[in-house]
Amino acid sequence: MPSQQKPVFLNLLQIRLPIAGIMSIIHRASGMLMVLLIPLSIYLLDLSLSNEPGFAAVGSLLHSTPGSSILFLLLWVLLHHLYSGVRYLLIDVEIGVERPAYRYTAWAVTLLAPLTALLLWGML
Amino acid sequence: MHGATGLRAWAVQRLSAIYMAVFLLLVLGLFIFSPPADYTAWRELMGQTTVSVGLLLFYISVLIHAWVGVRDILIDYVQWQVIRLLLLALFGFMFVASGLWLLEVMLLARIN
Chain A
418 MPSQQKPVFL
428 NLLQIRLPIA
438 GIMSIIHRAS
448 GMLMVLLIPL
458 SIYLLDLSLS
468 NEPGFAAVGS
478 LLHSTPGSSI
488 LFLLLWVLLH
498 HLYSGVRYLL
508 IDVEIGVERP
518 AYRYTAWAVT
528 LLAPLTALLL
538 WGML
Chain B
7 MHGATGLRAW
17 AVQRLSAIYM
27 AVFLLLVLGL
37 FIFSPPADYT
47 AWRELMGQTT
57 VSVGLLLFYI
67 SVLIHAWVGV
77 RDILIDYVQW
87 QVIRLLLLAL
97 FGFMFVASGL
107 WLLEVMLLAR
117 IN
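Here it is as structure tokens:
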């Protein structure tokens with residue numbers, strides 16, 4: 418088929434992505450976000466190990482309102498990536514490949530990530 | 007670049023994921039049940055060989071996992087070859103530099 422005749426449907430407002438698709442996009446986006454934060458994580462580790470004031474600075478940063486809010490969002494992002502990753506591993510061994518399990522597990526990942534992030538955030 | 011494609015990339019992605027998941031679970035347990043109280047305790051914890059080697063392995067896993075993931079994303083979304091190669095090189099440089107930086111941080115923490 419010549420390229421001009423390819424069916425194109427790119428009205429993003431009308432495409433209704435299934436939950437597994439939404440979960441998958443968040444898996445990618447969360448991965449990319451965490452990749453960009455790798456240098457920051459090493460910087461904070463370096464600062465916390467360098468001396469007493471550095472350690473205190475990292476501590477107060479993580480406990481400040483903006484720092485703590487960002488920490489919650491990061492936990493959410495990390496847990497979503499982790500849970501959807503575990504779901505992919507299960508699909509590899511042919512668990513949850515068929516609908517409706519495929520959909521239920523996608524919902525479970527997407528909803529459990531923020532809930533458990535909140536729980537852990539409260540415990541830390 | 008063919009080292010990071012096909013079955014090998016698939017296996018590497020999963021092995022690194024399993025290591026990271028187990029490591030994170032242990033770290034989370036540690037920070038919830040016995041968080042390092044002060045600077046001295048933190049230094050002592052990070053000075054243990056099991057912890058520092060475990061952390062180095064964790065970052066190696068992160069960087070390899072990130073490389074395979076970023077590569078997949080760039081192949082899917084960046085169709086212009088030159089830009090794609092440029093971005094791959096940029097991320098590759100960042101990953102190698104990050105790994106070396108972490109190694110330096112861990113070694114200096116041991117010496118000082």
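Same order as they appear, the protein sequences are chains A and B. Per the working numbering, the first sequence starts with residue 418, numbered consecutively. Per the working numbering, the second sequence starts with residue 7, numbered consecutively. Glycine is no exception: its CB is placed at the ideal position from the N, C-alpha and C atoms. Everything numeric in this text was worked out from a predicted model, so none of it was measured.
Supposed close pair residue i, residue j - CB separation, criterion 8 Å
i: B:Met26; j: B:Phe64; result: 6 Å
i: B:Trp48; j: A:Phe472; result: 6 Å
i: A:Leu507; j: A:Gly513; result: 5 Å
i: B:Ile66; j: B:Gly105; result: 7 Å
i: A:Leu495; j: A:Thr533; result: Rounded, the Cβ-Cβ distance is 11 Å, inconsistent with contact.
i: B:Ile38; j: A:Leu541; result: 7 Å
i: B:Ala115; j: A:Leu466; result: 4 Å
i: A:Val475; j: A:Leu464; result: 5 Å
is_contact[residue i, chain A] using C-beta, thresh 8 Å
i: B:Met7; result: For B:Met7, the predicted model reports a pLDDT of 47, less than 50, meaning its position is unreliable; a value from the coordinates is still stated below. Judged by the 8 Å Cβ criterion, B:Met7 is not in contact with chain A.
i: B:Ile79; result: yes
i: B:Phe99; result: no
i: B:Ser40; result: no
i: B:Phe64; result: no
i: B:Ala72; result: yes
i: B:Phe37; result: yes
i: B:Gly104; result: It should be noted that the sequence gives Ser, not Gly, for residue 104 of chain B. It does; some Cβ of chain A falls within 8 Å.
Close-in-space but distant-in-sequence residues of the same chain around residue i (CB under 6 Å, 5 per side omitted)
i: A:Met418; result: Only weak support is given to the placement of A:Met418: the predicted model assigns it a pLDDT of 47, under 50, and the value that follows is read from those uncertain coordinates. For A:Met418, where only same-chain residues beyond five positions count, there are no Cβ hits under 6 Å.
Contacting residues, own chain, Cβ-Cβ under 7 Å from residue i (five flanking each side not counted)
i: A:Pro363; result: This structure cannot speak to residue 363 of chain A, because chain A is shown only from 418 to 541.
i: B:Val57; result: Leu51
i: B:Met7; result: Its pLDDT being 47, under 50, B:Met7 is placed unreliably by the model, and the measurement read from it follows with that caveat. Answer for B:Met7: no residue qualifies.
Interface flag, residue i vs chain B, CB-CB below 8 Å
i: A:Leu499; result: yes
i: A:Leu506; result: yes
i: A:Met418; result: Confidence at A:Met418 is low in this model, with a pLDDT of 47, below 50, so the placement of that residue should be treated as unreliable; the coordinate-derived value is given next. Chain B contact via Cβ: absent.
i: A:Leu454; result: no
i: A:Met440; result: no
i: A:Leu532; result: no
i: A:Phe472; result: yes
Nearest candidate by alpha-carbon position, reference residue i, set the options
i: B:Gly98; options: B:Ile38, B:Phe37 and B:Gly75; result: B:Gly75
i: A:Ala437; options: A:Ala525, A:Ser481 and A:Gly539; result: A:Ala525
i: B:Val33; options: B:Leu61, B:Ile70 and B:Leu80; result: B:Leu61
i: A:Thr522; options: A:Tyr500, A:Ile432, A:Leu466 and A:Asp509; result: A:Tyr500
i: A:Leu535; options: A:Pro435, A:Ile512, A:Pro470 and A:Ser485; result: A:Ser485
i: A:His444; options: A:Asp463, A:Ser481, A:Val503 and A:Pro517; result: A:Val503
i: B:Leu93; options: B:Trp107, B:Arg77, B:Val102 and B:Ala17; result: B:Arg77
i: A:Ile459; options: B:Asn118, B:Ala103, B:Arg116 and B:Ala23; result: B:Ala103
i: B:His71; options: A:Glu515, A:His498 and A:Pro470; result: A:His498
Contacting residues, own chain, Cβ-Cβ under 8 Å from residue i (five flanking each side not counted)
i: B:Leu109; result: Leu62
i: A:Arg520; result: Pro435, Ile436 and Ala437
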